[in-house]
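Colleague: For the sequence shown, the numbering used here gives the first residue as 16, with consecutive numbering after it.
Think of the CB as a built atom: it goes at the ideal place given N, C-alpha and C, for glycine as much as any other residue.
Would you mind keeping the following structure in view while I ask a few things?
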Amino acid sequence: MTEHARNATPDSVDIAGALAWARARIDLMDARVLLRHVLQCPAARLVAWPEQRLGSEDWASYRDLVERRVAGEPVAYLTGEREFFGREFLVTPAVLIPRPDTELLVELALAHAAGRKGMRVLDMGTGSGALAITLALELDEADVTALDRSREALWVAMANAARLGASVSFVQSDWFSALGDERFDLIVANPPYIAAADPHLEQGDVRFEPPGALAAGPSGLDDLEEIVMRAPSRLENDGWLFLEHGYDQAAAVRGLLADAGFAAIASWKDIAGIERVSGGRWLGRD
Ligand code: GLN
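Here is the structure:
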């Protein structure tokens, strides 16, 4: 077969042919995920039944998705979902795609809750709702509030809470601005933390994600600083604050926590061995 013949677009294909066509253009894993999405089938079908023919509509949809992937769109936006902490979340371009790194925040929150019932939890900048919904489902009888400044993000988060059966109160709020005077036992956030001029914002999947969920001022610390400085007025005594941050921001965030008067300040490493979450305990004003 000539190179041209291998890459030509056939009029009709079976599963093996569709994957071969896609593999010449995109990553094999992505090719499989997108085909499963079009056929709405389990992974095993692609392997077990390579000679199954695709209907012409499925083949057209698949070609369209592969071309969009070639143009750079993230797979999660093409399929409309992404797994986080063992559950499928709907995602749209209105929200950041949940990252495996962020599961560290869930694990820390669960470890510090240590079986306590009825905790009041706040997730700031919830996006798809991945953190708030996971905590609502994993903690015992927690009272979880999630806020986001973006109305479009809140629609996605609410749809996820309904689909996954999580009870979460959603509030449209620019950080603490629209909250009442309630206090929380635990505040978590994965805020924007990339420096505005970071070239990484112009590369790969992040180009398609909402800029307001990624960039935070010249050093990337603007939102982290605002949250740390104002969190004490929202935390119960002995409450915890955990924040995800950039790979090189742990020392700066620990400094912010110290300036704000937090105790038991620490940073924790993500699956790649990078200090990714920092936090501390609020012991009260006096
Ligand atoms: N971890 C994301 C990235 O590096 C950024 C997430 C965020 O800004 N909260 O692409």
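Decide if L43 is buried, meaning its Cβ has at least 16 other Cβ atoms within 10 Å, or exposed.
Modeller: Flag for L43 reads exposed.
Colleague: Secondary structure at R164, three-state DSSP: helix, strand or coil?
Modeller: Of the three classes helix, strand and coil, the one that applies to R164 here is coil, per DSSP.
Colleague: Just mark D238 as buried or exposed, buried being the case when its beta carbon has 16 or more other beta carbons within 10 Å.
Modeller: Buried.
Colleague: Do T117 and E259 have their C-beta atoms closer together than 8 Å?
Modeller: In this structure, E259 lies closer than 8 Å to T117 by Cβ.
Colleague: Out of A59, A129, E167, V159, which one is the CA nearest neighbour of T358?
Modeller: Outside the shown range of the chain, which is 16 to 301, sits residue 358, and nothing can be said about it.
Colleague: Can the beta-carbon of Q67 be found less than 8 Å from the beta-carbon of I41?
Modeller: Contact: no.
Colleague: From G142, D196, F100, A46, pick the residue whose C-alpha is nearest to that of R122; which is it?
Modeller: In the sequence as displayed, the identity of residue 122 is Glu instead of Arg. Taking only the C-alpha atoms, the option nearest E122 is F100.
Colleague: I want to know whether the stretch 122-132 touches the stretch 83-94 - three or more CB-CB distances under 8 Å.
Modeller: Contact fails: fewer than three Cβ-Cβ distances are below 8 Å.
Colleague: Does the separation of the CB atoms of R114 and F104 fall below 8 Å?
Modeller: Not in contact: R114 and F104 (Cβ atoms no closer than 8 Å).
Colleague: Should Y92 be counted as a contact of the ligand GLN given a C-beta to heavy atom distance under 7 Å?
Modeller: No, the ligand GLN has no heavy atom inside 7 Å of this Cβ.
Colleague: Based on the DSSP secondary-structure assignment, which residues constitute the bridge partners of R178?
Modeller: DSSP, once it has assigned bridges, lists no residue as partnering R178.
Colleague: Using the C-alpha atoms, what's the distance from A181 back to A157?
Modeller: So the alpha carbons of these two residues sit roughly 10 Å apart.
Colleague: Specify the secondary structure class of S184 as computed by DSSP and reduced to three states.
Modeller: Strand.
Colleague: Which residue or residues does DSSP assign as beta-bridge partners of D220?
Modeller: Paired residues: none, contrary to the question.
Colleague: With three or more beta-carbon pairs closer than 8 Å as the criterion, would you say the stretch 199-214 touches the stretch 131-139?
Modeller: The stretch 199-214 is in contact with the stretch 131-139.
Colleague: With a threshold of 7 Å (Cβ to nearest heavy atom), would V110 be considered close to the ligand GLN?
Modeller: It does not: the Cβ of V110 is nowhere closer than 7 Å to a heavy atom of the ligand GLN.
Colleague: Can you say whether P233 is buried or exposed, counting buried as having 16 or more other CB atoms within 10 angstroms of its CB?
Modeller: It counts as exposed.
Colleague: Going by DSSP, what residues sit across from R245 in a beta bridge?
Modeller: Note: R245 sits in no beta bridge, so no partner.
Colleague: Does DSSP classify E153 as helix, strand or coil?
Modeller: Here E153 sits in helix by DSSP.
Colleague: With distances taken between CB atoms, is the gap from I209 to N175 smaller than 8 Å?
Modeller: The answer is no: Cβ separation not under 8 Å.
Colleague: If you follow the alpha helix (DSSP H) that D79 is part of, which residue opens it and which one closes it?
Modeller: First-last of the alpha helix (DSSP H) with D79: 71-85.
Colleague: Considering only residues of the same chain and omitting the five flanking positions on each side of R164, which have a CB-CB separation below 6 Å?
Modeller: Answer for R164: D189, listed in chain order.
Colleague: Report whether the distance from the Cβ of L258 to the nearest heavy atom of the ligand SAH is below 7 Å.
Modeller: With respect to small molecules bound, the structure shown includes the ligand GLN and not the ligand SAH.
Colleague: For the beta strand (DSSP E) that contains A278, what are its first and last residues?
Modeller: Where A278 is concerned, the enclosing beta strand (DSSP E) stretches over 278-284.
Colleague: For the candidate residues E72, F185, E82, S27, whose alpha-carbon lies nearest to that of A145?
Modeller: Minimum Cα distance to A145 is reached at F185.
Colleague: Does DSSP classify M44 as helix, strand or coil?
Modeller: Correct three-state label for M44: helix.
Colleague: Say the cut is 7 Å; is the CB of Y208 nearer than that to a heavy atom of the ligand GLN?
Modeller: Yes, the Cβ of Y208 comes within 7 Å of a heavy atom of the ligand GLN.
Colleague: Closer than 7 Å to a non-hydrogen atom of the ligand GLN - does that hold for the CB of D116?
Modeller: Because some heavy atom of the ligand GLN lies under 7 Å away, the Cβ of D116 counts as near it: yes.
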